[in-house]
Each structure stands twice: as C-alpha cells, then as structure tokens.
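Q: In terms of full-length UniProt numbering, the sequence shown is residues 1 to 561.
Note that the Cβ used here is the ideal one computed from N, Cα and C, for glycine as well.
Bear in mind that the values here come from a model prediction, so they are computed numbers and not experimental data.
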Amino acid sequence: MTASRVDSITAEVVSRHLLSIAEEMAATLIRTSFSPNIKERADCSTAVFDAAGRVIAQAQRVPIHLGSMIGAVHAVTARFGADEIAPGDMFVANDPYSGGGSHLPDINIIAPVFWQGRIVAYVANIAHHADVGGMVPGSEAAVCRSIFQEGLRIPPVRIMRGGEINRDVFDIILLNSRTADERNGDLRAQFASNVTGIRAVEGLFARYGEDTEPAIEAYVDFTRRRFTAAIGRIKPGIYTMEDFLDGDAPGETARIALTLTIEGGRMALDFSGSAAQLSWARNIPHQALIATVYTVAKSLLDPDVPANAGYFDTISIHAPQGCVVQPVAPAPVGCRSISAGVLGDVIALALSKAMPERAIAGSGPHHLAVFAGPDPRDDGYFVNYETIAGGMGARPNRDGIDAVRVHASGASNLPVEALEHAYPLRIERYAIRDGSGGAGERRGGAGVIREYRALAEGITVSLSAERQTVLAPGLAGGMPGAAGVFVLDPGTPRERVLGAAEADVALPPDSVLSIRTPGGGGYGPPERRPQAALDKDRREDRAPPAAEFSPGDLPRTETAA
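1. Return yes when the Cβ of P365 is within less than 9 Å of the Cβ of G341, no when it is not.
2. Fully enclosed by the stretch 460-537, which beta strand (DSSP E) runs are 3 residues long or longer?
3. What three-state label does DSSP hand A439 in the structure shown?
4. With distances taken Cα to Cα, identify the nearest neighbour of S45 among E386, P63, I449, R529.
5. Curious, which full-length beta strand (DSSP E) runs of at least 3 residues does the stretch 46-99 contain?
6. What whole-angstrom Cβ distance do A389 and A403 have, given they're in contact under 8 Å?
7. When DSSP builds the beta bridges, which residues end up paired with P545?
8. Just how far apart, CA to CA, sit Q116 and A127?
9. Should I262 and Q326 be called a contact, given that it needs their Cβ atoms to be closer than 9 Å?
10. If we call anything under 9 Å between Cβ atoms a contact, is G134 one with G162?
11. Using beta-carbon positions only, say whether R118 and A51 come within less than 9 Å of one another.
12. From what residue to what residue does the alpha helix (DSSP H) around E217 run?
13. For R255, which of G334, D345, P236, V296 has the nearest alpha-carbon?
14. If I measure Cβ to Cβ from A422 and keep anything under 7 Å in the same chain, skipping five residues before and after, which residues do I get?
15. Could you name the residues that DSSP lists as bridge partners for L245?
16. Taking only the alpha-carbon atoms, compute the straight-line gap between T295 and P303 and give it to the nearest angstrom.
17. Rounding to the nearest angstrom, what Cα-Cα distance links M160 and P332 in this structure?
18. Ignore the nearest five residues each way along the sequence and tell me which others in V293's own chain have a CB closer than 8 Å to its CB.
19. Could you tell me which of L300, T259, M267, Q287 sits nearest to S274, measuring between CA atoms?
20. What does the Cβ neighbour count give for S8, buried or exposed, with the cut at 16 atoms within 10 Å?
21. What number of angstroms, rounded off, separates the C-alpha of residue 564 from the C-alpha of D313?
22. On the CB-based measure, 16 or more other CB atoms within 10 Å of its CB, does P96 come out buried or exposed?
23. Please report the distance separating the alpha-carbon of F91 from that of G237.
24. May I have a chain-ordered list of the alpha helix (DSSP H) segments no shorter than 4 residues that lie completely inside the stretch 332-386?
25. Could you work out which residue in V328, R16, A141 is closest to T212 when comparing CA atoms only?
26. Please report the distance separating the alpha-carbon of M69 from that of A59.
27. In the DSSP output, what is I317 paired with across the bridge?
28. In whole angstroms, what separates the C-alpha of P493 from that of D243?
29. Taking Cβ to Cβ, would you say L498 is nearer than 9 Å to Y452?
30. Going by DSSP in three states, Y311 sits in which element: helix, strand or coil?
31. Given this structure, state the Cα-to-Cα distance separating P545 from D535, to the nearest angstrom.
32. Between the stretch 17-36 and the stretch 100-115, can you find at least three pairs of beta-carbon atoms closer than 8 Å?
33. Using only the alpha-carbon positions, how far apart do F205 and R31 sit?
34. Have a look at A297 and P508 and give me their C-alpha separation to the nearest angstrom.
35. Give me, in chain order, the residues of the same chain whose beta-carbon lies closer than 6 Å to that of C144; leave out the 5 immediate sequence neighbours on both sides.
36. Can you round the beta-carbon distance between G362 and G520 to whole angstroms, since I take them to be within the 8 Å contact cut?
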C-alpha cells in the first residue's frame, strides 16, 4: 500500500495513535521525574520519529525542544549504523556542536523501535536538568564565555544496552552535577518514558502491520500539502526585518537580520547580515534556530497543522556560519531560549508584513534566575531553575496576553507552594506587572513581578535576560513594552539594580530579589483605543502604561558583524 493509495481512515487512526503515544510518553516522564523543574514545571518534551529520523508526532509541551530532539536523533543515526543498534538500546546526547542539542541542560534520550527485526521508528524525549555542571549552578548563564564553562558536553553515546544501564556513562553524568540525586531520578524517568513509547509503537505496528508505514507517509504528505496551501494564501514577495539582542558590553546590541521570501507555496528565511556570534551565552545554535522558525510559522499561518516533518519541508533556512543565529564552537549558547524570544519577534514581524491581518507586535521574553546554595533543612545542596514569563505583543484585533512565555519558549512557572516546599526561599510577591504592556489601540501584554526572599546562608543567584536594553517594538503606531529589570532589596537603602547578565550574586539571609519582566508592544495609535476596551481597563483597575517609549529612543550601538 503506497502513501498515495492508503486508506484515509487508517491514516487518520494511525496519526491520532501516534499523537497519543507522544502524550503518553510525556505523562510518564512528568509523573515519574524527581526534580521540580520537570515534575512541576513540565520542562520536557517527547516525540516519535520514523526510521529516517523525521518527526511524525510531538507532544504539546516546549516548542524549542523540537529542534534539539531532531538534531539528537540525526546525530545518533549518523554515528551508529543500523547494524550497531539492537533492541533495548538507548542513546544520550546534549551537545549543540556534536550531539544535535541546543544547550547543555537539555539532555536527550533516544531509543529505536524494532518490528520484524528492523528499525521502524525512534522514540525520544528531552528533559531540562537543573544542573549539569559548569562554572555556574544551573549550567545556564549569559556570563559564560565558552561552552566549556556551561557544563558537561555529551556526544551521542549509548547509555543503555539491551535494556541494562551503561553505568560508565550514567555515573559520569551524575558526577558532573551539583545535584546528583535529581539527575539519577530524572534520567530514570526519561528511560521509563521511552519504554512507554517503544511498547506503544510496537503495539501500533502489531495492529496495522505493513499498512503502518504507508499511513505515516500519507500523514506527513497531508501535512506538507496543507501547509503549502497556507503559505499560498500569503501575498508573495520579499520582506525584511531586524531586531537586536543585548550585546557583549553594556550599551551594545547584536543585530538579527532576516530576509523572508514567499513564493510558490514555500518560505525561505535568510539571516545574512546578522551580527557575528557573541562572546556571551546569548547565541542561538542551529537547532534552536530551526525550532523557533518552525514554531512561529506554524503559529501564524496554521496553528492546527500537525507538528511533523511534512510542514518543515515547505521551509528553507539559511544562516551564515559564525553569526549570532548560527554560532560555531566553542561559542556559548546557554541562554538561547531567551534570545530566541527576540528571534521569534523578527520572524513574526516579517510575516506580519506579508499578512497584516494576522500581525503581532514585539513580545517580552522570559527572564531567568538560578538560585543555588546549601539547604539547612536537609544539609544538602539545591539548585532552583526559575523562568519568569513576560508579555505577548498585541494584534490588530486583540490585546496582548499577560504573563506568558512567548514564541518557542514554553515551560510552566513553578507554583509558589512547590517552590517553598522544596527550597529555602519564600515568594513575597507574585503579580502582573501592571502598565508594562505598550500603549496602543490594542495594548501589549503585561509582564510579571516575582519577588524572592532568601531564608538561608550562602544562597547565590545567577541572572540572564533580554529586552532590558532594546524594548519589544510596537506595531502600526503602537508603543513599545516596558524594559525588564532585576532589583535587589527594592524599597530599602540597599536597593540595587542588577545587570542582565550576572553570576553568583550573593543573597544574604532576608534579602529580596525582585524580577520584573518586560511587556509586549502595543498595536495601533493609543488614541484609537476603543471605548469598550477603556471601560474594561477601568473595571479591571489596570494602570495606564507607565511610560511612553519612542522607537527613536532605542539604543542601536551594534556589535561588529
């Protein structure tokens, strides 16, 4: 049975079955994990791939993980021949330059699925581990100047053989983490997730036999045709856009430039003209680049299209080697997710020119804080990885979304109760940052204020952020969103504004760190805001935007390209 002649009902049933397998894998991983970052924040993803390594089903979790899993599966198949892989094997990888990863805390576990003696699929999962070594607790900080400072680098290696853990590899990973017990539990949860996926895919092939692979091919082909049609509804042309990351030094910025070509049902994205790779860990490696492109394109053109390789085939991406969106080793990449928030704006704003009825203003990406230190409650050591949401940009027909992870970013917040139960920290305030969204006919989404009080000696925090220098741009006359900021001991004589890239900042007992994330840009002139929207603002007791920002006020000191 070929893909062109496959029974449509079988194809639909198989495709839904694959999606349910990916979701079941995710549920297994979250429910059996050990660390709050995975079991509470769900900072993990799962997917099913075909024998060629193409994505055929992904659970709805963290979009930026998609690129890392694609890269890791391809890295495994490139390094190991089919005759070197046996049932019960699993492979581990995290390195952006040799293992297909996008940053080191995201550890991929990949496993083959056999049917009738041959590999018919792969299952894979990725989990963000709160610490994999390196110079800074949490293994992710903008201050890192080389990937060698960011933690343990793992090329594709076998971590399980014939169903038995390879203790040599497993113990190396544990030894390099400040929180080895968490790594032990989380890695075993990843193994369990893949076992769940293997059994389910084997069951799918046992049920549909030789019809399974043609049905999968038909599913991928349907996705390709559907997304080609979605691109075909956009006005053909060439559209350009740029935005800026924070640069290597205060006051500097790094340009992300995009030329988007829409023609013949295809999209081509060319990032030539972007700044050279940075010496700080704001670079966006290849796998994070493609994940952001795929996510933003899907979100704006056809949000309901299946997340598989079919629609990837309609998109081509070019980025020069050594630029900020295609760095080469040993460039650091730890904070690629925050930078990808700005990259997502560049892509979305270019597409907004092509389809103004679906336009979206710039957004405020999340801010990162990694707390670490001794925990007096159990005489252990803790690492608490926190990402605090920003605000989404406004659209022609609606206000931006408050307190949300933007574009390809996606893990949940850590609930206050879970945080205070697990760590010697207390949340003093957690609220919408009223007035931080840009003014406009449709206002930008507001960021968040989240304040932490240290409850023990020896606690430190490392901080990373974007949109503290270059604001999220408004659109069609809308105003930019407010900048993000980190403030230590606000409202006291010790108040101090911290930088967007800090490491090992001491938090003495009873000190407070206030994190205020950036807002999204507004859409349309503020004076045209509808009366109904103004009345709603008053009912909700919303403050007006705290300041009027002009795009002409934004810094544009670019690093050398």
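A: According to the structure shown:
1. The sequence position of residue 341 within the sequence shown is 341, counting from 1. The sequence position of residue 365 within the sequence shown is 365, counting from 1. Using a Cβ distance threshold of 9 Å, G341 and P365 count as a contacting pair.
2. For the stretch 460-537, whole beta strand (DSSP E) runs of length 3 or above, ordered along the chain, are 485-488, 496-498, 501-507, 512-516.
3. Residue numbering aside, residue 439 sits at position 439 when the sequence shown is read from its first letter. If DSSP states are grouped into helix, strand and coil, A439 belongs with coil.
4. Counting from 1 along the sequence shown, the entry for residue 45 is found at position 45. The candidate whose alpha carbon is nearest that of S45 is P63.
5. Runs of the beta strand (DSSP E) inside the stretch 46-99: 55-58, 90-93.
6. One-based indexing of the sequence shown puts residue 389 at position 389. One-based indexing of the sequence shown puts residue 403 at position 403. With 8 Å as the limit, A389 and A403 qualify as a contact, their Cβ atoms being about 5 Å apart.
7. Locating residue 545 in the sequence shown gives position 545, where the first residue counts as 1. Paired residues: none, contrary to the question.
8. Translated into positions along the sequence shown, residue 116 becomes position 116. Translated into positions along the sequence shown, residue 127 becomes position 127. Their backbone Cα atoms lie some 31 Å apart in a straight line.
9. Against the sequence shown, residue 262 aligns to sequence position 262. Against the sequence shown, residue 326 aligns to sequence position 326. Not closer than 9 Å, so no.
10. On the sequence shown, position 134 is the one that residue 134 refers to. On the sequence shown, position 162 is the one that residue 162 refers to. In this structure, G162 does not lie closer than 9 Å to G134 by Cβ.
11. Reading the sequence shown from its first residue, position 118 is the one you call residue 118. Reading the sequence shown from its first residue, position 51 is the one you call residue 51. Inclusion of R118 and A51 in the CB contact set at 9 Å is warranted, their separation being smaller than that value.
12. The residue labelled residue 217 in the question sits at position 217 within the sequence shown. Here the alpha helix (DSSP H) through E217 covers 212-232.
13. As a first step, residue 255 is located in the sequence shown; it is residue number 255 there, counting from the start. Residue D345 is the option with its Cα nearest to R255.
14. Looking up residue 422 in the sequence shown gives position 422. Answer for A422: P36, listed in chain order.
15. On the sequence shown, residue 245 is found 245 positions in, with the first residue counted as 1. Under DSSP, L245 shares a beta bridge with A254.
16. Sequence index remark: in the sequence shown, residue 295 carries index 295 (1-based). Sequence index remark: in the sequence shown, residue 303 carries index 303 (1-based). Cα-Cα distance, rounded: 9 Å.
17. As a position in the sequence shown, residue 160 is number 160, starting the count at 1. As a position in the sequence shown, residue 332 is number 332, starting the count at 1. Distance from the CA of M160 to the CA of P332, rounded to the nearest whole angstrom, comes to 29 Å.
18. By 1-based counting over the sequence shown, the position of residue 293 is 293. So the qualifying residues of the chain are L269, I315, I317, I347.
19. The residue labelled residue 274 in the question sits at position 274 within the sequence shown. Of the candidates L300, T259, M267, Q287, the one whose C-alpha sits nearest the C-alpha of S274 is T259.
20. Along the sequence shown, read from residue 1 onward, the residue named residue 8 stands at position 8. Under this definition S8 is an exposed residue.
21. Beyond the ends of the chain as shown, which are 1 and 561, falls residue 564; an answer cannot be given.
22. The count along the sequence shown starts at 1 and reaches residue 96 at position 96. Buried is the call here.
23. Counting from 1 along the sequence shown, the entry for residue 91 is found at position 91. Counting from 1 along the sequence shown, the entry for residue 237 is found at position 237. Using only the alpha carbons, I get a separation of about 43 Å.
24. Correct list: 336-354.
25. As a working note, residue 212 is residue 212 in the sequence shown. By alpha-carbon distance to T212, the top candidate from V328, R16, A141 is R16.
26. Here residue 69 refers to the residue found at position 69 of the sequence shown. Here residue 59 refers to the residue found at position 59 of the sequence shown. One C-alpha to the other measures close to 12 Å.
27. The residue labelled residue 317 in the question sits at position 317 within the sequence shown. Note: I317 sits in a beta bridge opposite L269.
28. Reading the sequence shown from its first residue, position 493 is the one you call residue 493. Reading the sequence shown from its first residue, position 243 is the one you call residue 243. Roughly 37 Å separates the two Cα atoms.
29. The residue you call residue 498 lines up with position 498 of the sequence shown. The residue you call residue 452 lines up with position 452 of the sequence shown. Not a contact, by the Cβ cut-off of 9 Å.
30. Your numbering for residue 311 matches position 311 in the sequence shown. Taken through DSSP and simplified to helix, strand or coil, Y311 comes out as helix.
31. Locating residue 545 in the sequence shown gives position 545, counting from the first residue. Locating residue 535 in the sequence shown gives position 535, counting from the first residue. So the alpha carbons of these two residues sit roughly 16 Å apart.
32. Taking 8 Å as the limit for Cβ pairs, the verdict is that the stretch 17-36 does not touch the stretch 100-115.
33. Taking the sequence shown and counting its residues from 1, one reaches residue 205 at position 205. Taking the sequence shown and counting its residues from 1, one reaches residue 31 at position 31. When rounded, the distance between both Cα atoms is 26 Å.
34. If you number the sequence shown from 1, residue 297 lands on position 297. If you number the sequence shown from 1, residue 508 lands on position 508. Their Cα atoms are separated by approximately 45 Å.
35. Against the sequence shown, residue 144 aligns to sequence position 144. Around C144: E150, A281, P332, G334.
36. Residue mapping note: residue 362 aligns to position 362 of the sequence shown, counting from 1. Residue mapping note: residue 520 aligns to position 520 of the sequence shown, counting from 1. The C-beta distance from G362 to G520 rounds to 7 Å, short enough to fall under 8 Å.
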